[in-house]
Amino acid sequence: MFTKKGKIFYIVIGLAVIFLMNYFVFPFMFGDSVKEVSYDAFLSELKNKNIDSVEIDGEYITYKLKNNEESNKKSNLFFGIFSDDNIQLYKTGYMDDPNLIEKLSDSGAKFAKVQPEEMSPILSIILSYGIPIAIMIFFWRFLSKQIAKGGLGGNAMTFGKSNAKIYVKAQTGKTFADVAGQDEAKEALTEIVDFLHNPKKYAAIGAILPKGALLVGPPGTGKTLLAQAVAGEANVPFFSISGSEFVEMFVGMGAAKVRDLFKQANEKAPCIVFIDEIDTIGKKRDSGHVSGGNDEREQTLNQLLTEMDGFDGKKGVVILAATNRPDSLDKALLRPGRFDRRIPVELPDSKGREAILQVHAKKVNIADEVNFKAIANATSGASGAELANIINEAALRAVRMGRIEVEQSDLEESVEVILAGYQRKGMVISEKEKEIIAYHEVGHALVAALQKNSAPVHKITIIPRTSGALGYTMQVEEDEKFLMSREEAFNKIVTFTAGRAAEKLMFSTFTSGASNDIEQATKIARAMITRYGMSDEFGMVAFETLSNPYLGDDTSLSCSNETAAKIDNEVIKLVSSAYEKAEDILRNNMQKLNSIARYLIEKETITGDEFMDLLEC
Ligand code: ADP
Ligand code: MG
Ligand code: ZN
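Note that the sequence shown covers residues 132 to 748 in the numbering used here.
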């Protein structure tokens, strides 16, 4: 591999070579060796008439001794190799010596004045820097070629080549057994696997399998996992690439990668191509008026569409893709003949959650008496990824506690960690604030318990959490609910407003602690009016639509300004009537509010059963 570090290494080596050449090699290769001596050494040689000839320039006196074997021997053995035939020269600084000429002629030496012997500056630069650099460039290109050929095992120079990983059975190690729940998705994918194994069975009856299937669902529901399981189940090559890998530094490379990927796939057919997070390249194309930055992505998408049309479905290349924003995909991708089959991968129901917990529990040491059903019930709305995380958090907690098995309490605590963050044991809360928090939480719990149609209280706590919650009340439905009646929706709002109502009744003032409750209450109230058709004023008219059902509840409003104002009024009316109801319930149960709140301040956490006992006594 040619990493950045590698490049720096070569540059350093190159500079070192230039340095060495300049100082040691060139002077011996391209000239006589010159030894510097002192002026008085020169004078004494002159006196002894040992000097053969002298050259004087403005700065130096350079002289040659008479042919005397001994004195002409090279002083330096190693460098002498380069300059065996050269004659030893001596030089000394020129001094303003008025008797010099006289002394010279006395000694009988030949002497002359010369121009300073200097290489032209251009030539000297070329020699000392140009040649080494040229040599380096030559080596660089040579290395690059070797690398491109794969000679050195790297791939830095293979720009634009698809880097889709090929998975075969053994490599992902995942099978359908690793995917819990998601039975419909597994069934649809099994059909595809079966087709790749027995295409004749399908051809005999004239059935053509769709070229592409799109896995859609919220994040963390196991789309990527399902695709890996398909790779494990099908005994065919499996190309996997993520949408973001197509978006390259260089324009046109994304399209080239798509082309290359499909070329490889065609060669390996029957096989499966999996494009994860396809929305990164498959977003709706601009309608023409705005252009610029997105050209690269559009080219890539166009290439993908072309390739999908181009290949023969019967040959056995199946394209899978996954996304959690199907709404943002270009319509052209969803056209028949492309990704015309959608495989929904939804959030698991309580049975699915139980199964997912069990699959992941196999990887850890877990106590026999653990009740997965209870955990599944308490995690309504959790995705597979979150459930996997809960098991892991529980295992970590068991280790912290010095145990060798995961127990129910570990699982329960880790559910809360996932929902509300870790406990903040070090946080100091004043007695006064603790009191307010306790009344607030008991307010929620009491109102929830005293209304019909609301989920039973599971736990009340005033231990602060890292998410910022200072306390909370957990409610858990007995059975999974898929529908919400108008009464239930309203009762939820009442329960949300009850925290503030309790503060107000008890302390005649209120705090900022209800901000999250207010948000939630408003959200439900708005949805009742604009989406669920639950208001008398408007009836069954949709003013808001969810922009993406899989990613949060962002909505887009479509109505006149007048209606928008009316909607706001309705929301205000609905929430304030809910608040009044909460206040009423609490006012009629002040005694219970007091006694339970006192108990909570003392214990900090109350379980659902304890709460029901306190309520009934
Ligand atoms: P997605 O691609 O839908 O965002 P992933 O496939 O990456 O989600 O899932 C993340 C992790 O969550 C998986 O590696 C797996 O551990 C866990 N997971 C999600 N769904 C399931 C499931 N149905 N069964 C078992 N594990 C699951
Ligand atoms: Mg994924
Ligand atoms: Zn609250």
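A virtual CB, placed ideally from N, CA and C, is assigned to each residue, including glycine.
Note that the structure is predicted; figures quoted are calculated from it, not measured.
Cβ-Cβ separation, residue j to residue i (assumed contact under 8 Å), whole Å
i	j	result
D471	P341	5 Å
D356	P457	Strictly speaking, residue 356 in this sequence is Leu, with Asp absent from that position. About 18 Å separates the two Cβ atoms, so there is no contact after all.
A498	E547	That belief does not hold up - the Cβ atoms of A498 and E547 are roughly 19 Å apart, past 8 Å.
I474	L320	7 Å
V361	V324	6 Å
A453	D391	Not a contact, Cβ separation roughly 21 Å.
A695	L688	7 Å
G512	T352	Between T352 and G512 the Cβ distance is about 12 Å, and since that is not below 8 Å, they are no contact.
G224	Y170	7 Å
S481	N508	6 Å
N584	E619	5 Å
Pairwise C-alpha distance: residue j and residue i
i	j	result
Q582	E650	21 Å
G739	A519	26 Å
E524	I506	13 Å
L731	I594	10 Å
M605	A396	51 Å
E608	M615	12 Å
I268	L151	18 Å
A91	V625	Since the first and last residues shown for the chain are 132 and 748, residue 91 lies out of range.
K415	K462	7 Å
K590	I560	20 Å
I789	V578	Look at the range of the chain in this structure, 132 to 748, and you will see that residue 789 is not part of it.
K332	Q359	25 Å
L274	M384	24 Å
R555	R596	5 Å
T661	V672	7 Å
L196	I142	44 Å
D684	R272	56 Å
M288	D443	Below a pLDDT of 50, predicted positions are generally treated as unreliable, and M288, at 43, falls in that range; the measurement from the model is reported next regardless. Taking the straight line from one Cα to the other gives about 32 Å.
K654	I339	46 Å
G304	K354	16 Å
R528	I549	13 Å
G363	E315	18 Å
G239	E186	14 Å
K635	Y570	10 Å
K180	E190	23 Å
I737	E566	15 Å
G337	E322	15 Å
Y553	E538	18 Å
Beta carbon of residue i nearer than 8 Å to that of residue j
i	j	result
V448	P401	yes
F627	D648	yes
A645	S598	no
P749	N455	What is shown of the chain runs 132 to 748, which leaves residue 749 out entirely.
A629	A728	no
L460	D410	yes
F405	S375	no
V476	Q313	yes
Q434	V389	yes
A492	I450	no
A365	L327	yes
K95	I192	With the chain represented from 132 up to 748, any question about residue 95 goes unanswered, as that position is not in the structure.
Q657	V588	Checking the sequence, you will find Arg at residue 657 rather than Gln. No, they are not a contact pair.
L220	V165	yes
K241	S175	no
A311	G483	yes
E572	G602	yes
D667	V490	no
A576	F742	yes
Residue(s) in a DSSP beta bridge with residue i
i	result
V449	I403
A243	E186
E167	K222
I737	I591
Y603	T592
I323	Partner(s): none; I323 has no beta bridge.
I497	V537
Y191	G224
R428	For R428, which the question treats as bridged, DSSP gives no partner whatsoever.
P475	V347
L460	K414
L196	I182
T454	V347
Please give me, in chain order, every unbroken run of the beta strand (DSSP E) with length at least 3 that falls completely inside the segment 341–395.
343–347, 369–373
Of all the beta strand (DSSP E) runs that stay within the bounds of the segment 520–595, which reach a length of 3 or more residues? Listed in chain order, the beta strand (DSSP E) runs fully inside the segment 520–595 are 588–592, counting runs of at least 3 residues.
Query - Whole beta strand (DSSP E) elements within the segment 657–689, 3-residue minimum - result: 675–677, 686–688
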